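Numbering (our numbering), first residue to last: 2 to 246.
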């Protein structure tokens, strides 16, 4: 599992992989600032320093889309610098860091990257060889994953949370509740449309992402959505939603 833009980069470099479905319709990545910050929109990031992955595609997109310049500092995967500096800006997941920041007594606010127009799916992918030799297995995995997400979102989820906490004790009931609410409020799993899109890969939207990455210079070779993310592994109703059989 991973971000669609990362998978596109691998595929453009010749790695034989296929995207077979999406477990998040929208990217949970965001820009994290303090409530007191004067940064209220993406344009306000002009000339600012953001702790993020240097050369990240989302930063390149923001700079081009809003005609701004953003300085970057490498991610240290901590919160201490943010908590110590009211002007500090860093990348985050809306499902995670704001929760911990509030636990430390600070008041964060976020700019969801997806709202800028840069919105890669979070996807399930595998090797092309495995997918083509084990089509039924891959289809069953995708279908089960979609059903699992829908079941977890709708509840009950006591047993699932118990299993999650057993694997990672840091996943407390309080944190899991916060994370779930963030996913629901921002429609990360089901998508923005009235019809539940859980699992869907829309070919046109996927091609737009590929074209954006090419135009930003992130990839040197254009590829086709139908070659990287064929919808044939999706359940039939999702294939119909994608506009193709």
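All residues carry an ideal CB built from backbone N, CA and C; glycine is no exception. Computed from a prediction, not measured in an experiment: that's the story for all the values here.
Residue i, buried or exposed, once every other Cβ within 10 Å from all chains shown has been counted against 16
i           : result
residue 226 : buried
residue 216 : exposed
residue 197 : buried
residue 211 : buried
residue 135 : exposed
residue 248 : Residue numbering for the chain in the displayed model covers 2 to 246; residue 248 lies beyond these limits and cannot be assessed.
residue 187 : buried
residue 192 : buried
residue 170 : exposed
residue 118 : exposed
residue 20  : buried
residue 183 : buried
residue 1   : This structure cannot settle anything about residue 1, because the visible part of the chain is limited to 2 through 246.
DSSP beta-bridge partners of residue i
i           : result
residue 172 : Residue 172 is not bridged to any residue.
residue 110 : 34
Residue i (DSSP reduced to helix, strand or coil)
i           : result
residue 105 : coil
residue 246 : Any reading at residue 246 needs caution, since the residue's pLDDT is 41, under 50, leaving its predicted position unreliable; the model's value is listed next. Of the three classes helix, strand and coil, the one that applies to residue 246 here is coil, per DSSP.
residue 94  : strand
residue 234 : helix
residue 89  : coil
residue 211 : helix
residue 204 : helix
residue 100 : helix
residue 191 : coil
residue 221 : coil
residue 241 : helix
residue 116 : helix
residue 197 : coil
Anticipated Cβ contact below 8 Å, residue i with residue j, distance rounded
i           : j           : result
residue 16  : residue 110 : Going by Cβ atoms, the distance from residue 16 to residue 110 rounds to 38 Å, so no, they are not a contact pair.
residue 26  : residue 201 : 7 Å
residue 58  : residue 6   : 5 Å
residue 114 : residue 50  : The pair is not a contact, with the Cβ atoms about 17 Å apart (cut-off 8 Å).
residue 4   : residue 123 : 6 Å
Cutoff 8 Å: residue i Cβ touching any chain E Cβ
i           : result
residue 181 : Here chain E cannot be found, since the structure has a single protein chain.
Q) What beta strand (DSSP E) runs, 3 residues minimum, are completely inside the segment 122–189? A) 123–128
Q) Considering only residues of the segment 2–84, which uninterrupted beta strand (DSSP E) runs meet the minimum length of 3 residues and lie entirely inside it, listed in chain order? A) 18–25, 30–35, 50–52 and 72–74
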